[in-house]
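Read through the structure below, which is laid out as structure tokens, and then see the notes.
Protein chains: 2
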Amino acid sequence: MSLSQGRPTMRDVASTAGVSLKTVSRVVNGEPGVRPAVAARVQDAIATLGFRRNDLARSLRHGRRSSTIGLVIGDLANPFYSAIARAVEAVAHRHQTMLISGSSEEDPDREREIVNALLERRVDGLIVVPAGNDHRYLNDEADNGTPAVFVDRPPGNLAADVILIDNAGGAVLAVDHLLRQGHVRIGVVGDAMSLYTTAQRIKGYRAAMTAAGHLVDEGLLELGSHNADAAEAATRRLLERSAPPTAIFSTNNRNTVGALRAVLAEAPGTALVGFDDFELADLLARPVTVVRHDPAEMGSLAAELLFRRIDGDTRPPRRKLIRTELVQRGSGEVRPPGERGPRAKRT
Amino acid sequence: MSLSQGRPTMRDVASTAGVSLKTVSRVVNGEPGVRPAVAARVQDAIATLGFRRNDLARSLRHGRRSSTIGLVIGDLANPFYSAIARAVEAVAHRHQTMLISGSSEEDPDREREIVNALLERRVDGLIVVPAGNDHRYLNDEADNGTPAVFVDRPPGNLAADVILIDNAGGAVLAVDHLLRQGHVRIGVVGDAMSLYTTAQRIKGYRAAMTAAGHLVDEGLLELGSHNADAAEAATRRLLERSAPPTAIFSTNNRNTVGALRAVLAEAPGTALVGFDDFELADLLARPVTVVRHDPAEMGSLAAELLFRRIDGDTRPPRRKLIRTELVQRGSGEVRPPGERGPRAKRT
DNA sequence: TTGAAAGCGCTAACAT
DNA sequence: ATGTTAGCGCTTTCAA
Chain A
1 MSLSQGRPTM RDVASTAGVS LKTVSRVVNG EPGVRPAVAA RVQDAIATLG FRRNDLARSL
61 RHGRRSSTIG LVIGDLANPF YSAIARAVEA VAHRHQTMLI SGSSEEDPDR EREIVNALLE
121 RRVDGLIVVP AGNDHRYLND EADNGTPAVF VDRPPGNLAA DVILIDNAGG AVLAVDHLLR
181 QGHVRIGVVG DAMSLYTTAQ RIKGYRAAMT AAGHLVDEGL LELGSHNADA AEAATRRLLE
241 RSAPPTAIFS TNNRNTVGAL RAVLAEAPGT ALVGFDDFEL ADLLARPVTV VRHDPAEMGS
301 LAAELLFRRI DGDTRPPRRK LIRTELVQRG SGEVRPPGER GPRAKRT
Chain B
348 MSLSQGRPTM RDVASTAGVS LKTVSRVVNG EPGVRPAVAA RVQDAIATLG FRRNDLARSL
408 RHGRRSSTIG LVIGDLANPF YSAIARAVEA VAHRHQTMLI SGSSEEDPDR EREIVNALLE
468 RRVDGLIVVP AGNDHRYLND EADNGTPAVF VDRPPGNLAA DVILIDNAGG AVLAVDHLLR
528 QGHVRIGVVG DAMSLYTTAQ RIKGYRAAMT AAGHLVDEGL LELGSHNADA AEAATRRLLE
588 RSAPPTAIFS TNNRNTVGAL RAVLAEAPGT ALVGFDDFEL ADLLARPVTV VRHDPAEMGS
648 LAAELLFRRI DGDTRPPRRK LIRTELVQRG SGEVRPPGER GPRAKRT
């Protein structure tokens, strides 16, 4: 009874147990029609050989379904993304599916490279936080049965499911709050306008200012900061103006951290409201008022939607909005210099 | 020329281009020996059909190497773990390998379930932050060519590579620092002793106390807190004692956050040093002195070691230690009440 | 209840 | 330079 080298296969188990290949397959997959005595012999052989079914071969033969899904995000170590990843993974686990993930580092080429690798590995579906803005290449895939759901930013040139934050609405929440404290010169610190989320949040800022009857001073917009250090420098530039802003709206968590450092160092009286909540925001030297939303909810919704597509749902693409709320912690509840008494009424 | 249904295969490309299967394979894999004209025809067919090589079939035939590795960690959303995951992913990417990850939620059964799924998917190797304490079942796997590297905690009953933090040494750093400020009643807030890292850090605490000539007051050890809320309650219990500690050593990041909340609320004069650094620790109301180490370094080292094993390195298992350092931010540089002047000298 | 044969999509080994 | 054949480890189909 010569067994093959290396890792044992069903054939090895079969010859060890003295049964046919198919009987082993039946036992391994819990199919009925095997006498208990025979099944026991097979189980013994499996145990002694240390056999483990090869899932690659299984899904090759069995066709559709590798029981894996792919996730493409910016950076697995960023809390915003890792919250999404964790939520996706939890849903996948419930569907007996494993998660393969890759960090695009916000690079469109890298994104496509990862998507390709995932598709070659025949994932059952994709969840993508897009870095690029052209996803036509995924059209064929949808036809071939590999659905994709987009998160945080919409796909380019492709009709697909997408989960978005209510970016403009959240920004209005923040700016309205500052306006109600009596602020008018409200500076903005944020990432590049080329990012969908930045653009939407700036849109909300403009809408709120305009609705309150204020002209937007373009000099108060300091955009393009990808990290906290750049945001800190940008905020300092704002605070060094001859007529500095009395309040600052930072458009994401990195920018909020940078803005906070600059404000604490340069002009502690400046009000600050940030988009995105983050851990320990309440324990900071200046507890930070933020526009909160739930990244985990985005991940869960995206994954649930994806599995519905995998299970054959062919209804038109859906767009879901994650709602936002204002969390007051102190940094946003600061009046402009010279104002006293109760909150100013808007006219 | 009837093409098969669904996703196009090499066979489909071959018949579309009017060449043989093998020629397509040559073009797809960039093998030499195909005339440019023919290659171009094949490329055209690939483009029009939207063909994508099936990596499952490829690695099935080609034997060894699925170009995936598996990662089992406690919780993908915990910054400590996500830093590891990111570092592992970066190294994997350099080796043209994708990362499949699963969260064990610190549950040994779940850990084993995930490891099984990964092994059935024929990952080339495993990186495990173990929740369980018996890994004999991985012995067969090592024989079958699937190496495993353990991170943060050693494997149970298995000789394998492992990357550990210098837990005891880091704890000594923290406690010595507090002793030098003149503290003697140093309380400890931490997770369960059943966790390897907690046990090692407590060992360091005891060693430092003993070396300084102090008896350890067992009543000052409040262990078993898995999260910040439990740690906060535990710290309050310490601070409510008739002779409360004048300093606290918290044995991980969750416990540090809880301890900080309790200290700020109950006894702001209490010194605090925590194990594990965390983001914004310097911007807190009370900037926290910590024992810092580099989780990303653990991930990188583990991944590099794993790929060496995958590439056939059969030297004896290695154990690597990640070094720690003390970062002074203020919370640990507080004298006990009643002491004045320069730092007390130890005798 | 059990088994033999065919084949999933690809690559290795050998023709031509 | 190109094609044919066999077979990776499994499941499906059909037969005994």
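Residue numbers (the numbering used here), protein chains in the order written: chain A, 1 to 347; chain B, 348 to 694.
Think of the CB as a built atom: it goes at the ideal place given N, C-alpha and C, for glycine as much as any other residue.
Handout entry: Under 9 Å by beta carbon: chain B residues contacting A/Gln98
Key = For the record, residue 98 of chain A in the displayed sequence is Met; it is not Gln. In chain order: Gly417, Ile447, Ser448, Gly449, Ile461, Ala464, Leu465, Arg468.
Problem - Whole-Å CB distance - A/Ser331 paired with A/Thr289, under 8 Å assumed - result: 5 Å
Exercise for the section: Can you tell me which of the three DSSP states B/Met445 falls into? Expected result: strand
Handout entry: B/Gly503 to B/Arg656 span [Cα, whole Å]
Key = So the alpha carbons of these two residues sit roughly 20 Å apart.
Problem - the region 247–280 of chain A: positions lying closer than 9 Å to chain B by Cβ - result: Val257, Leu260, Arg261, Leu264, Phe278, Glu279, Leu280
Exercise for the section: Using a cut-off of 9 Å between C-beta atoms, extract the partners of A/Asn144 located in chain B. Expected result: Gly353, Arg354, Pro355, Gly397, Arg399
Practice task
Look up A/Ile186 in the DSSP assignment and give the residues it is bridged to.
Solution key: Answer is A/Ala247.
Practice task
Give the straight-line distance between the Cα atoms of B/Glu453 and B/Phe497, rounded to the nearest whole angstrom.
Solution key: About 14 Å.
Exercise for the section: Return helix, strand or coil for A/Ser67, following the three-state DSSP convention. Expected result: coil
Exercise for the section: Give a yes or no on whether 9 Å exceeds the smallest Cβ distance from B/Glu488 to chain A. Expected result: yes
Exercise for the section: Measure the CB-CB distance between A/Met98 and B/Arg468 and report whether it falls below 9 Å. Expected result: Contact: yes.
Handout entry: B/Glu436: contacting residues in chain A (beta-carbon distance under 8 Å)
Key = Result: Leu76, Ser101, Gly102, Ser103.
Exercise for the section: Determine the closest residue to B/Asp422 out of B/Pro355, B/Pro684, B/His573, with distance taken between C-alpha atoms. Expected result: B/His573
Exercise for the section: Check whether the region 138–148 of chain A touches the region 213–224 of chain A, taking contact to mean three or more Cβ pairs, one atom from each stretch, closer than 8 Å. Expected result: no
Handout entry: Rounded distance between the beta-carbons of B/Gly646 and B/Ala430, thought under 8 Å
Key = 7 Å
Problem - Delimiting residues of the beta strand (DSSP E) encompassing A/Leu126 - result: 126–128
Problem - B/Glu458, buried or exposed, once every other Cβ within 10 Å from all chains shown has been counted against 16 - result: buried
Practice task
Say whether chain A places a C-beta atom closer than 9 Å to the C-beta of B/Asp402.
Solution key: yes
Exercise for the section: Label B/Ala384 either buried or exposed according to how many other C-beta atoms from any shown protein chain fall within 10 Å of its C-beta, with 16 as the threshold for buried. Expected result: exposed
Exercise for the section: Name the one or two DSSP bridge partners that B/Ser450 has. Expected result: B/Ile420
Practice task
Give a yes or no on whether 9 Å exceeds the smallest Cβ distance from A/Ala285 to chain B.
Solution key: yes
Practice task
Kindly say whether A/His93, judged by its beta-carbon, lies nearer than 9 Å to any beta-carbon of chain B.
Solution key: Judged by the 9 Å Cβ criterion, A/His93 is in contact with chain B.
Exercise for the section: Determine the closest residue to A/Leu138 out of B/Arg682, B/Gly397, B/Asp523, with distance taken between C-alpha atoms. Expected result: In this structure, B/Gly397 is the residue among B/Arg682, B/Gly397, B/Asp523 with its C-alpha nearest to the C-alpha of A/Leu138.
Practice task
Would you kindly check if the distance between the Cβ of B/Val389 and the Cβ of B/Val366 is under 9 Å?
Solution key: yes
Handout entry: Segment limits, alpha helix (DSSP H) that includes A/Phe307
Key = 295–310
Practice task
Tell me, please, whether the CB atom of B/Ser349 is closer than 9 Å to any CB atom in chain A?
Solution key: At B/Ser349, the pLDDT of 46 sits below 50, so the modelled position is not reliable; the number obtained from the coordinates is stated separately. It does not; no Cβ of chain A falls within 9 Å.
Exercise for the section: Mind listing the chain A neighbours of B/Ser678? Cutoff is C-beta to C-beta under 9 Å, in chain order. Expected result: Those do not exist, as B/Ser678 stays about 12 Å from chain A at its closest Cβ, beyond 9 Å.
Exercise for the section: Entirely within the region 191–269 of chain A and at least 4 residues each: give me those alpha helix (DSSP H) ranges in chain order. Expected result: 196–211, 228–239, 253–266
Problem - B/Ala649 and B/Ile474 closer than 9 Å at C-beta - result: yes
Handout entry: Proximity test, Cβ basis, 9 Å: B/Leu653 and chain A
Key = B/Leu653 does not count as touching chain A.
Exercise for the section: Step through the CB atoms of chain A and report whether any lies within less than 9 Å of the CB of B/Ser429. Expected result: yes
Practice task
Put B/Leu627 into one of helix, strand or coil per three-state DSSP.
Solution key: DSSP places B/Leu627 in the coil class of the three-state scheme, outside both helix and strand.
Exercise for the section: Name the residue from B/Val604, B/Val462, B/Leu668, B/Val435 whose alpha carbon lies nearest to the alpha carbon of B/Val509. Expected result: The shortest C-alpha separation from B/Val509 is found at B/Leu668.
Problem - Among B/Asp576, B/Glu644, B/Ala577, B/His640, the one whose alpha carbon lies nearest that of B/Ala437 - result: B/Glu644
Practice task
Give the straight-line distance between the Cα atoms of A/Ala131 and B/Ser448, rounded to the nearest whole angstrom.
Solution key: 22 Å
Problem - Interface residues of chain A facing B/Arg433 [CB-CB closer than 9 Å] - result: Those within 9 Å of B/Arg433 in chain A are Asp75, Leu76, Ala77, Asn78, Ser82, Ser103.
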